[in-house]
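Per the numbering used here, the sequence shown starts with residue 3, numbered consecutively. Heads up, the beta-carbon is just placed ideally off N, CA and C, and yes, glycines get one too. Please read these numbers as outputs of a predicted model, since none were measured by experiment.
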Amino acid sequence: MQVSSFYSKGRIIFVITVLSALLFYIVFSYGKLSVKKVPVFTPPAENVERGTILDRNGKTLAVQTNFYHLCATPSVIKEKEKTARVLAPALNLTKEEILQLFNSSPTFVYIKKKMEQSEYDEVSALIEKYKIYGLRFEKIQGRTYPENSLASQVIGFMGDEGNGLSGIEYSFQSLLSPDYKPNSDNRGQDIYLTIDANLQYKLEKIASNAMENTQAESLMLIAAQAKTGEILSYISLPAANLNRYPSSSVAEKKDLPAVHAYEPGSVFKLFSVASFIDSGCISEDETFFCDGVFDVRSTNGERVRITCLDRHGPLTARQALQYSCNDALAQMSQKIDSELFLQRIRQFGFGKKTGIELPGETKGSVKTIEDKLWSARSKPTISIGQEISVSAIQMVQAATSFTNGGVPLKLTLISHIDDKAGNVTYKHHVQPLEQIISKHTAEYMLSCMETTARKGTGTRALLGDVSIGVKTGTAQMLDEKNGGYSKEDFISNCVAVFPIDNPQIILYIVITKAKGETYAGRIVAPVIGEAADVIIDHLGIARANAASVAHSGKIEISPTNSIKINSVVPNFMGMSKKELTPLLLRKDLRIKIEGSGWVVSQNPPAGTPITENMTIELYLQ
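Right, here's the structure in full:
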C-alpha cells in the first residue's frame, strides 16, 4: 500500500531536525541564564553631576545621590511566590503586593522606584543568595535633601527626569545641571544661598508654634538684611518635606511669599504716608481730626464712608500711624492727586515683580484711574491698604527704602555661585534701585515706626534693650463665595525694623485666617518680638544692657510729669499706665482704667469739653 506524501521519509527527517534545533537552543539559552549574573543597568557616561545647593555658611541643603529602580520581567521569574516572600521585608512591601505587580505584565514592571543605596545593597544580596532571575536595577541620578522641609519653597525640588520643578532647583536648572559636553568635566555649579540654615531652623520653630497657637491656615516670615537686601530667612507654612515631595499637598508646595497676592491692610499706611509727605501734599505737623468715620461725597455725588476703630481726635501723620487711624489716612489721601499717588506707589515696587530668584512670582495689582473698578472710594481705600494687592516680597523690598535713605534695594536669595574647582563665578553685590523718597522722609518714617512700637499698636513687639520700629495691619479677606469682604477671614501682618537707629534687619510676618483673635497687634506683634530676639542673639547684635558700666551707685528717678487737663479732654492715646496714675488722685473727675500697657482707646475722645464729675474711660493693652 502506498504511504501518504505527508508522512514521507524526507518530511519526517525535516521535522525531527527542526525540533532538535529548537530544543538545543532552549537548553543552550537556559544554560547561559544559569551562569549569568543579575544584570545591573548603569546609565551612560553622558550624565552631568548636578551641583549642590548650600546655605550661606556652606551647610548642604540639596545634594546629588544615586537611586535605583527595581525592575522585573515576570515571565522569566520561575518561583514568583517564593521570590515575593523573600523580597517583601527588604522592600517594605507585602508578598501580595509584589505578586500583584508580577501578574500585571509578563514583560516589564517596576517593583519599586527610587531605592536608596542601603536598600539596593540588601535586595542585591537577596537576589544573589536565592539565584533570582528576571530582576534588574536601573541606576539613576537622584537628589536628597538633608534638612527635609527646611526652607523647602526656596530650595525647590528635582523630579525623576533630572529637571528642577520648583524653587532654586527650577530657576537655576541650567547652572546646576548644564547640557553634556564631550571632553568636559560635566559638573554643575554649586549655589550658595543667602539663607542662614541655623537661623531658619530657629525661626521656623517660632513660626510653627505661632501657626499652631492661632490655628491659622498659613504663615509667611521673611528676615532680610536691611543694608544688603540679602534674605536670611524665608518661611512659608505649611511646608513640604522635599524627600517626600510628590506626596505633599498643594498648600505645602505653594511658595506664598513670592506667588500669593493679598490686601495688606494698615501696614501699607507706611508707604501711603511716605508718599504724602515726600510729595509735599501734607506736612509732618499738619493735623487731621478723626471723629471715627471718614464720610464724604464726591463731586459726582458718590458717597465714600470708611470707619475707624476709634475716635482719635486731632492727629498728625505720626500719630495716625501710631494708632492706625483710617479716618486720618483717608483725609490725607484727599490732598494728593490720584495719578501722583498711584505713581508713588508704583515707585515703591508695587504692581510689578521684584525679580527675586524664584519661579512664578506675582506682580500684585495696582489700579489705574481708567480701571472700570476705579471709584471715588479707591484712593482713600488704597491709602489704608485695601483695593490693592501685594506680595510679601514686595513689602520687604519696599521697606528697604526706609533703611537706606530713600533708596530701595533689590532683594536676593543668592550669596554666590562656585564651579566644581571652587572658583567663584558669581558673587552678590548690593543692587540699589532708583531713589524714590528723600533721606529725610526715610528717617521720618523710621521714627514713626519707632513711635508705633513704643506707644501705638505695635507695643507687643517692643524689645527691652534694642530699639525697634513696627507697623501692624489687619485686613479683611475677600469672600470668594459671596463676594465683598469676609467677616471671618483676616490677614494679620506686621513689619519691623531693628535696631531703629542703625537698621540691620527687616522682619515681616503674615498670618492668614487665624481663628479667634485676628488683630495683628495682638497675634503678630508678639511673634515679631520673639523672632527679633532670636535674630539679635543669633547675629550678635549689641543689646543696650550687654555691658556693665561703672557708676557711683546712686540712681536718680525722674519725677512723673503730671497730666494737665484744662477745658477739654486731652489725647491719652499711647500713654502708659504709670503716666496715668496721677489722674486717680483727682477729685473732680472719675477715671476708669482697664488693662495694662499703653492706651489704645479712650472715651470720650480728645477735644470733648470737660464737665463736672465727668467719667473718662481708658483702655490699655
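Item, Value
"Per-residue burial, L344 [other beta carbons within 10 Å of its own, 16 or more giving buried]", "buried"
"For N573, the three-state DSSP class (helix, strand or coil)", "coil"
"Boundaries of the alpha helix (DSSP H) in which S281 is found, first to last residue", "Here S281 belongs to no alpha helix (DSSP H), and DSSP marks it neither H nor E."
"Runs of beta strand (DSSP E) wholly within the stretch 112 to 178 (minimum 3 residues, chain order)", "137 to 146"
"For K517 and T216, believed in contact at Cβ under 8 Å, the rounded distance", "7 Å"
"Proximity below 8 Å, CB of I197 to CB of A228", "no"
"Proximity to T289 [Cα-Cα], best of V275, V295, A319, V570", "A319"
"Close Cβ partners of T453 (< 7 Å) along its chain, the five nearest in sequence each way excluded", "R320, Q324"
"Given 8 Å, three or more beta-carbon pairs between the stretch 382 to 395 and the stretch 254 to 261", "yes"
"Residue from S250, A86, L234, I233 whose Cα sits closest to the Cα of A241", "S250"
"Below-8 Å beta-carbon distance, E254 vs any chain C residue", "Of the chains in the structure shown, none is chain C; there is only one protein chain."
"Exposed unless 16 or more other CB atoms sit within 10 angstroms - verdict on T427", "exposed"
"Beta-ladder partner(s) of T427, from DSSP", "In the DSSP output, where bridge partners are listed per residue, T427 has none listed."
"Buried/exposed call for D123, threshold 16 Cβ in 10 Å", "exposed"
"Pairwise C-alpha distance: T583 and Q388", "39 Å"
"Separation of A477 from E490, as counted between CA atoms", "11 Å"
"With 16 other Cβ atoms within 10 Å as the buried cut-off, status of G166", "buried"
"CB of A522 within 8 Å of CB of S494, strictly", "yes"
"Beta-carbon proximity check, A90 vs I513, cutoff 8 Å", "no"
"Local conformation of R462 per DSSP, three classes", "helix"
"The stretch 380 to 387 in contact with the stretch 309 to 316 per 3-pair CB rule at 8 Å", "no"
"Touching by the beta-carbon criterion (3+ pairs, under 8 Å), the stretch 267 to 279 and the stretch 174 to 185", "no"
"Sequence-distant residues of the same chain with beta carbon closer than 6 Å to L103, five excluded per side", "V111, I113"
"Touch test, the stretch 156 to 164 against the stretch 336 to 356, Cβ-Cβ under 8 Å, three pairs minimum", "no"
"Spatially closest choice to I538 from V570, L205, K594, by CA coordinates", "L205"
"Host alpha helix (DSSP H) of E452 (start-end)", "441 to 457"
"Residue burial classification, T402 (beta-carbon count within 10 angstroms, cutoff 16)", "buried"
"Own chain residues within Cβ distance below 8 Å of S569, not counting five before or after", "P611, I612"
"Rounded straight-line distance, which links the Cα of K115 to that of L101", "16 Å"
"Sub-8 Å separation of K619 and D590 beta-carbons", "According to the sequence displayed, residue 619 carries Glu and not Lys. It is not a contact, given that the beta carbons lie outside the stated cut-off."
"Terminal residues of the beta strand (DSSP E) in which V252 lies", "Segment 252 to 255 is the alpha helix (DSSP H) holding V252; no beta strand (DSSP E) there."
"Proximity winner among D192, L223, L195, relative to K207 (alpha-carbon distances)", "L223"
"Residue span of the alpha helix (DSSP H) that contains Y203, given as start and end", "199 to 216"
"Helix, strand or coil at L582 according to DSSP, with G and I counted as helix", "helix"
"Own chain residues within Cβ distance below 8 Å of K337, not counting five before or after", "F278, C283, I284"
"Beta-carbon spacing of V50, N188 below 8 Å", "yes"
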